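Novice:
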Amino acid sequence: MTIKPKKILLVHSNPQERGKLAIMLSRFGHEVRFSYGKGSPDQMVKSHDLVIIDDDLDGNSGLAFLNQISSKFCEKVIYLASYPFVAASQEVRSLNIYEWVAKPVDPLKLAVVVCDYFVEVSSRQDVLIS
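Everything in the sequence shown is counted per our numbering, starting at 74 for the first residue and increasing by one.
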């Protein structure tokens with residue numbers, strides 16, 4: 074299955090980490106845009122095919138940003154967080170996000186999760202069309 078390039082929003086405040094992840098995702102043809110978590114979360118999420126949110130944003134928590142997203146958009150979120158935080162956080166599990174990836178993030182692992190997401194979304198759309 075070939076996946077057409079998609080628009081991905083990377084909500085992340087660390088320039089080095091953000092850069093590594095963006096380079097990997099752009100190698101697959103995706104258009105990667107950045108946000109520090111400022112502005113209207115629903116508007117940002119709505120205009121992108123996938124949103125990747127880091128748990129540590131400048132002065133804010135990624136979870137606070139995630140909590141501002143409507144539940145209908147949460148399913149297109151990948152959350153980057155340390156394992157102990159997510160394992161202990163019932164709140165993150167209850168938000169119906171697509172996936173969380175443990176930090177430190179392996180860019181190749183993230184690329185696989187992103188690919189899986191787009192394959193799953195494409196499969197769901199194919200079923201709706203049939």
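All C-beta atoms in this analysis are idealised placements derived from N, C-alpha and C, irrespective of residue type, glycine included.
Bear in mind that the values here come from a model prediction, so they are computed numbers and not experimental data.
Per DSSP, what are the beta-bridge partners of Y152 in this structure?
Specialist: Working through the sequence shown from its first residue, we reach residue 152 at position 79. I126, W173.
Novice: Confirm, please, whether the CB-CB distance from Y152 to W173 is below 9 Å.
Specialist: Within the sequence shown, numbered from 1, the residue matching residue 173 stands at position 100. Within the sequence shown, numbered from 1, the residue matching residue 152 stands at position 79. In contact: W173 and Y152 (Cβ atoms closer than 9 Å).
Novice: Beta strand (DSSP E) containing I142: first to last residue?
Specialist: Counting from 1 along the sequence shown, the entry for residue 142 is found at position 69. Neither: I142 is in no beta strand (DSSP E) and is coded neither H nor E.
Novice: Suppose the cutoff is 7 Å on Cβ atoms and the five residues either side in sequence are ignored; what does the same chain contact list for K79 look like?
Specialist: Counted from its first residue, the sequence shown places residue 79 at position 6. Cβ neighbours of K79 beyond the five flanking positions: H103, D122, L123, F191.
Novice: Between K218 and the rest of its own chain, which residues show a CB-CB distance below 8 Å, the 5 nearest in sequence each way excluded?
Specialist: In the structure displayed, the chain extends from 74 to 203; residue 218 sits before or after that span and is not available.
Novice: Measure from the alpha carbon of A154 to the alpha carbon of each residue in S99, E148, S134, C147, then state which is nearest.
Specialist: If you number the sequence shown from 1, residue 154 lands on position 81. Looking at the Cα atoms, S134 is the closest of the given residues.
Novice: Taking 8 Å as the threshold, find out whether the region 85-96 comes into contact with the region 173-187 through three or more Cβ pairs.
Specialist: Result yes; three or more Cβ-Cβ pairs closer than 8 Å.
Novice: DSSP three-state label for K93, please.
Specialist: Your numbering for residue 93 matches position 20 in the sequence shown. Helix at K93.
Novice: Terminal residues of the continuous alpha helix (DSSP H) containing S167?
Specialist: Here the question's residue 167 lines up with position 94 in the sequence shown. Its alpha helix (DSSP H) spans residues 163-167.
Novice: Spatial neighbours of I81 within its chain, please: CB distance less than 8 Å, with the 5 preceding and 5 following residues excluded, ordered by chain position.
Specialist: Locating residue 81 in the sequence shown gives position 8, where the first residue counts as 1. Here the set comprises L98, H103, E104, V105, R106, H121, D122, L123, V124, I125, V187.
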